[in-house]
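*Asks:* Top line first, the protein sequences correspond to chains A and B. In this text, residue positions in the first sequence follow my numbering: the first is 1, and each later residue adds one. In this text, residue positions in the second sequence follow my numbering: the first is 290, and each later residue adds one.
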Amino acid sequence: MSFFLTALLTSAALFPQENRSGVPIPAVPDFQRDHAETFGRQIAEFADLYDRGWKDEIWQGKMILFDASGDSVERSTVRYTLENPDKGDKSLVRFMTPAEYKGVAALTHENPAGNDDQWLYLPSNRKVQRISGANKTASFQGTEFTYEDLAAIEVNKYKWRFLEEVELRKGEETIACYKVEGVPQYRDTGYSRLLFWFRQDNFRREQVEYYDRASQLLKVMQSRGWEAVHGRFQRPAIMEMKNVQTKKSTLLEVEKRFLNLSLYKSRRTGKARPNLTEEFFTTRALQSR
Amino acid sequence: MAAFLARGVRDGIISTPRVLSTTASFRLSQSPQSEPSAASPRNGGLETRLAEFLYRRRWILALLTLAVIAALGSGGWRRLIHFSNRVYALGDISNGLDPESQPLVFDSRFDIWFDADDEGLRLYKDIEHRFVAEDSILIGLEELEEPFGVFSRKTLATIARVSDELLKVPGVRDVRSLTSSPWIRYGLIGGDGGEQGLIVTDLVEPAPAEILDPTGPLSDRDLLERMIAVLGAENSAGLVGESKVRDFLGDNARFEDYHGEPRMQDSLVSADGRTTVIQIQVLRPKLSEALIANSFPEHERDRRIAPSLFATETQTAALRGVEHVLRTELGLAIPTPESQLLQQWIGSLEEGEEKDALDREFKDPRRNFMLGPDGELVRKFFEYDLQKNGKYVDLTDPSNPVTAPEDFRPKPRSEYEFHSNGMPVVERHFTEVGQADLKMVAWMFLVISAVLMLLFRHLGGMAISLMVVFASLTGMMGVLWLQGYLLNNLTAITPNMITAVGIADAVHLCAAFFAYRKRSSNKKEVLLAVLRANMFPVFLTTVTTAVGFLSLMTNDLFPVRNLGSTAVIGVFFAWWVTMATVPAFLSLMPVKGSTDQSISVREAHDPVHWLQQWHWGDWLTKRVLKRRRALIVFSVFLLLFSCIGLSRLRLDTDLRMAFPETDPVIVSFNWLEDRLGGIGDLEMVFEAPGDSQGSDQVLQRQAAIEALEIRRLGHEEDPGLAPLSSEDVKELERLKQEEGQYQRGRIAVSANFLRRLTAFEKRLREEIRQPDSPLFMVTDMTSPLDVLRKVHQVQNENQAEFYRVPSSEDIPPEALEPHLGFDEFTEEWSYTPPQSASTLAAQYYLQYENGAKPSQNLSSEISSDRRSFRMQVRMAHATSYGYQKAFDYIRKVALEEFPELVGDEVAVAEGRSDSTLAMSGKILLYSGMSWSFTVGFAKSLALALTVITLLIGFLFRSTAIALISMVPNVLPILLPLSVFGWLGLALDGPSVIVASIALGVCVDDTIHFFTKFIRAHRGGFAAEDALRLSFRQVGAALTITTVVLCLGFFVLSFSQFRPNIMLGRLAVAMIALAWICDFVLTPAFLSLLPDHPSDRASSPEPRTS
């Protein structure tokens, strides 16, 4: 597996694939390197801008939850996301395994201005229940990821500061990164600050460190097995969140991914697949399975 | 060795000239034959040769001994410092002071108090290993005046403010308080135009200032709503009056439908709404094995001790931070002027990581010291505490306490008093108390110095005795540290014991010297006489004391074993230092006899001559012999009385009995328990043992079932799907059967298990309400059943009748059918299996966890494979005996009345029972400790007694004497203990180990007395004269050592650790009784021995009487 990943990475690095997405890469802004706060914010803004235009995404994969003694349980989910810049993405997560969770689905309408709207469907009582999305510090499906960690980063909700240019070591590889600090400026947060490692050439987030309210390192997230989907959008195969205090960790590992569905051919009709639509992200769709 | 001993006794003490025996263990035979001296006409005796050797080589021996001890002491200390630095280096836990100035001398781990093989401890560690390892610090406060009780704005604002600050303390994982607890409810989401749904928020969200504002986001009605949600309608009515509650709920509401939140009642808030607790979850950090191996490469013992010690120290550091937050609230943490300068300096630095790091260090509440701009140590806060003398003193730097200015008056932010408790507080208290006990050695030195001054009226004798003690202690501690051990609460008293023992050794030599030196002008002669007379008695008493301590090594508990081994080492050092250094130091003192004095040392002790002088012993002997029959009968009666009393003795141990009632920790313990019920947890772990199957295997099977089911259900609709062959059908059946079997073991989501457990829980709740139930101390039970009930209710529009564990009626008919769907986007078929009460329970857990903070999820109650289920039972204080009865009763109810729920492993394997039941928790461990002490006590006492009796029988070659020796050896031990039995008082466990220790000391007296008696008796003296002679020889010495030892142990009654207090008192009683027995009862028995006329002829030494 790791051989495969390494091969993938090096090939991607040596032969940058041609951009087949139809979305051009934005021009690098005029970075103000002598002002740490401005520069930090510019990096975060540009990283956000860099990743726009993918329209929709289906992510199918495993969540592996490790407890402190290394025992694990595995759940697999499929996640449908509709990109909706500035207005908030919409997403639907559906459990595939284990059998007892099969069919459980959660619908989220992100709301940049306030609380997200969320609904949950349980197949055992066939009920769709509105659930409050106020608690961003709550765990995502019992994993080490919280809703806060998984939501798209709203640049305006952080105070940014560039720290340094560093070589991040990941296994055999060293990656030139910008290390940037973000201090959450909203109340409902579990963190005193976050440290981001943005890769210098394509601004993907290689690593994030989360510091608890007591300024102690709480969690480290690393992304591995990057792929430039359609030669344009950087997506990791594995996201690993390690809680350094409790030693628990969660691995999100992709099995199948579609980015911008219209770029794929349908197996049935042979034509381009339809993109996800707003109708798909309604409580009615949630119930109809 | 024993043969040598026996011979030594006969040769040396009984003074029959014999050829010197040589043994490898005692290499004295290598010393050249000494010249005959005036003082030792019989130069062939072992005692003489040894004495010669000790005298001639006294300076070499003394210097060598002191050098070895200095090396051991400094080596041990260096090892300790090295170890302690490494532990500190494992993580950031210091208070900012140099770690070297506060080495980890003390073993603060809790688990040393339990038998390592104990089933309960194994389970406890297993729980800690499987679930997250953490302990809680509890901070209690009460509000008696406000009409809303702790739901008043004032209290909630305080709690919100303190909770928020506490979260900033490193090591604090989460704070559960009235404001920050999850509040699960059904209500309107999204304001107007929103919809009803399930809401999980913190109970009180607004900031402290907003809470205080009556026109702010929280109206009085909102406060009342939260009160009812937590306390329930009935309790709320009790607090604010029925009309207010009725007003809120409406006229038709049934109060019993609003039962509040069981996971908060009686744990976070009292039922009357007047007391609340802030529960601070503090991590016990886990260290990777690689880090441990790297940090402690040299010693296996370090690798074992360090992780657990580090975990405890980390919690202690967090506790410091918590206390800083509380002091800030109470106006007792005042920034120092230096810290303001420090803050300015940090503020003036250039922006960057270095500044940030300094800023974080400055804000770290665990750390009261940090280095300033010029590398100087800065105290950040005055952390005042009110002392007993009414003064405010900052004690964070023990070497530099700071007293507040006279006019200091704290300005608290709120007027609440905080009562803190919880395991980290108790564990730190153990350490503090142990360290205070160590300081008692200084007192003991003082007391004993005074006694010695009175005794010797000579500075030299006192100085020599103290030197012996100091050197012995240094040697003992050096060896202890070199072995990689630390002190614990029991071993903290070894310095006191060894002081007593060492003094007794040295006193024998010094007293003899001061007595003899008046009679001779020849220093060598005096010293040789001193050595000859004391060498063997001192050695023998060393052996018997050591046997007493050694017998502790059979105990199951580590601190007891450690006490035994440490004390043995100390006893050995005391003997060695006495014999090797005292002669040298004594030889520096002048002798006072004139050269022409006619009475030589030897003649002074001529028995016949001696018996002519008056002695108080004569009076005593006469009295005893006159009433000897009565005394013997009385002794036998006392023995019987003691044995019966002993059989009634009950040992009891619990945390609370470890400290006096006025102890602050006990006071706050009682405070919390009086208001909230029990704060001790019993863990009941239901477990379906057997093969849990790997996640992969299960998922593969489920995937196989899904694939087959998709083909079975979908082949008509999708021509791409092949219909099932008959083999496929069989395979599907087999897989489903296997799956069913597997699901049965997943008890946490098994509908059957949950139903039976609910019945069991109900049965226990009913039992608790019975007036004299064995479960009277149980105050509360919580488990994920509460979560299921709550989620089920909220899922059903909050209707009261749905507050129950879901069952099969809750599954709508259409959900009972399997379902096949096609996903047009992934272009795949998807199969949903038939739903059941079990899948509903599983989905409810998921829903709960999805809304909970990571630290509140169910992983601490349900294992990830769903095969173990934990129920926490809160218990109020009871004796360990009471607890044991309760545990047995719970087990009995489970096994007898709920055989389908709980059975043994066989029953579970055969499918007759769902699970096994294991119980653990610190309460259970502590009550099990009592049992360990009882067994250990009986074992070690029996062992010590047997060894010592055999030893005496062997030394004196007489069964009769061995039997007689049991009277003065046993009676003083049993009598005090039996008094506890007769009075029906429970004795705390650790104190009984005193029996083994006191036995060793009592035997000293017996041996001293017996040797003198038998020597005279076998030498031809009649019993009465032999007794009179014995009193003359050892009466004074025994009395003095008894006084010294009693004083030594008496000092222990000033300990803050209750077992040590009791140990001290019992030891005093036993040692004093031993003295009485030896002087009153023993003579009565000894006088029964037949005279030995034959011995008189063969022994040249005693003159005819």
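The beta carbon of each residue, even a glycine, is placed where N, CA and C say it ideally should be.
From the beta carbon of Glu100/A, is the nearest beta carbon of chain B less than 9 Å away?
*Replies:* With 9 Å as the cut-off, Glu100/A counts as an interface residue toward chain B.
*Asks:* When DSSP labels each residue in this structure, what does Ala869/B get in the three-state scheme?
*Replies:* It is helical.
*Asks:* Can you confirm whether the region 620 to 634 of chain B touches the region 341 to 357 of chain B when touching is taken to mean that 3 or more C-beta pairs between the two stretches lie within less than 8 Å?
*Replies:* Counting Cβ pairs under 8 Å, fewer than three are found: no touch.
*Asks:* Tell me, please, whether the CB atom of Glu279/A is closer than 9 Å to any CB atom in chain B?
*Replies:* So, not an interface residue.
*Asks:* By Cβ distance, which residues of its chain are closer than 6 Å to Thr1371/B, with the 5 residues on each side in sequence left out?
*Replies:* Excluding sequence neighbours, Thr1371/B sits near Pro1257.
*Asks:* I need the straight-line Cα distance from Arg1180/B to Leu1064/B, nearest angstrom please.
*Replies:* Looking at the two C-alpha atoms, the distance is approximately 12 Å.
*Asks:* With 7 Å as the limit, tell me which residues of the region 214 to 247 of chain A have their beta carbon closer than that to any beta carbon of chain B; keep them in chain order.
*Replies:* Correct list: Ala214, Ser215, Gln216, Gln245, Thr246, Lys247.
*Asks:* Ile58/A versus chain B: which residues are under 7 Å apart at the beta carbon?
*Replies:* Per Cβ cutoff of 7 Å: Phe1114, Thr1115.
*Asks:* Using a Cβ-Cβ distance cut-off of 9 Å, determine whether Ser1267/B contacts chain A.
*Replies:* No, its Cβ sits nowhere closer than 9 Å to a Cβ of chain A.
*Asks:* Are there any heavy atoms of the ligand SAM lying less than 8 Å away from the beta-carbon of Val439/B, as far as the coordinates show?
*Replies:* Although the ligand SAM was asked about, the structure shown includes no ligands whatsoever.
*Asks:* Is there a Cβ of chain B sitting closer than 9 Å to that of Met63/A, yes or no?
*Replies:* It does not; no Cβ of chain B falls within 9 Å.
*Asks:* With a threshold of 9 Å between beta carbons, is Gln129/A in contact with chain B?
*Replies:* Yes - at least one Cβ of chain B is within 9 Å of the one on Gln129/A.
*Asks:* For chain B, check one thing: does any of its Cβ atoms lie closer than 9 Å to the Cβ of Ser249/A?
*Replies:* With 9 Å as the cut-off, Ser249/A does not count as an interface residue toward chain B.
*Asks:* Taking 6 Å as the limit between beta carbons, can you name the residues of its chain near Leu195/A, skipping five residues before and five after?
*Replies:* Hits under 6 Å: Glu181, Glu209.
*Asks:* Closer than 7 Å, Cβ to any Cβ of chain A: which residues of the region 1136 to 1153 of chain B, in chain order?
*Replies:* Hits within the stretch, in order: Gln1136, Glu1138, Asn1139, Gly1140, Ala1141, Lys1142, Pro1143, Asn1146, Ser1148, Ser1153.
*Asks:* Tell whether a beta-carbon distance below 9 Å holds between Ile500/B and Val489/B.
*Replies:* Contact flag unset, no.
*Asks:* Would you tell me roughly how many angstroms separate the C-alpha atoms of Gly270/A and Ser262/A, rounded to the nearest one?
*Replies:* Their Cα atoms are separated by approximately 12 Å.
*Asks:* Can you give me the C-alpha to C-alpha distance between Val73/A and Phe95/A, rounded to a whole angstrom?
*Replies:* Rounded to whole angstroms, Val73/A to Phe95/A spans 14 Å at the Cα level.
*Asks:* Report the neighbours of Val489/B on chain A: residues whose CB is nearer than 9 Å to its CB, in chain order.
*Replies:* Those are Ile131, Ser132, Ala134, Asn135, Ala138, listed as they occur along chain A.
*Asks:* Tell me whether the beta-carbon of Phe862/B lies closer than 9 Å to the beta-carbon of Leu798/B.
*Replies:* No. Outside cutoff.
*Asks:* Can you give the Cα-Cα distance for Gly527/B and Leu769/B, rounded to whole angstroms?
*Replies:* Looking at the two C-alpha atoms, the distance is approximately 59 Å.
*Asks:* Using alpha carbons as the reference points, say which of Gln1088/B, Met1255/B, Phe1338/B lies closest to Gly476/B.
*Replies:* Minimum Cα distance to Gly476/B is reached at Gln1088/B.
*Asks:* Would you mind stating whether Arg204/A and Ala27/A have Cβ atoms separated by less than 9 Å?
*Replies:* No, the Cβ-Cβ distance between Arg204/A and Ala27/A is not below 9 Å.
*Asks:* Are the C-beta of Phe258/A and some C-beta of chain B separated by less than 9 Å?
*Replies:* True, the Cβ-Cβ gap to chain B drops below 9 Å.
*Asks:* Got a sec? Which residues, its chain only, sit under 7 Å from Ile581/B by beta carbon, not counting five neighbours each side?
*Replies:* Cβ within range, chain order: Arg592, Ala595, Pro596.
*Asks:* Three Cβ pairs or more, each shorter than 8 Å: is that satisfied between the region 244 to 258 of chain A and the region 52 to 66 of chain A?
*Replies:* The region 244 to 258 of chain A vs the region 52 to 66 of chain A: in contact.
*Asks:* Give the C-beta separation of Leu252/A and Leu92/A to the nearest angstrom, bearing in mind that I take them to be a contact with Cβ-Cβ under 8 Å.
*Replies:* Not quite, the Cβ-Cβ distance comes to about 16 Å (not below 8 Å), so this is no contact.
*Asks:* What would DSSP say about Ala256/B, mapped onto helix, strand or coil?
*Replies:* Given that chain B is displayed from residue 290 to residue 1394, the structure contains no residue 256/B and the question cannot be resolved.
*Asks:* Between which two residues does the alpha helix (DSSP H) harbouring Thr685/B extend?
*Replies:* From DSSP, Thr685/B is part of no alpha helix (DSSP H); its letter is neither H nor E.
*Asks:* If the cut-off is 7 Å on Cβ atoms, which residues from the region 1072 to 1102 of chain B count as contacting chain C, listed in chain order?
*Replies:* In the displayed structure, chain C is absent; the protein chains listed are A and B.
*Asks:* Residues of chain B with CB under 8 Å from Thr97/A, in chain order?
*Replies:* In chain order: Leu988, Gln991, Ala992.
*Asks:* I need the straight-line Cα distance from Ala1251/B to Val827/B, nearest angstrom please.
*Replies:* Rounded to whole angstroms, Ala1251/B to Val827/B spans 20 Å at the Cα level.
*Asks:* What residues match up with Thr788/B in a beta bridge as DSSP calls it?
*Replies:* Thr788/B is not bridged to any residue.
*Asks:* So what does Cys177/A bridge to, in DSSP terms?
*Replies:* Paired residues: Val166/A, Arg199/A.
*Asks:* Pull the bridge partners of Gly711/B from the DSSP assignment, please.
*Replies:* Its beta-bridge partners are Ile426/B.
*Asks:* For Phe651/B, which of Leu631/B, Glu642/B, Gly641/B, Gly664/B has the nearest alpha-carbon?
*Replies:* The candidate whose alpha carbon is nearest that of Phe651/B is Leu631/B.
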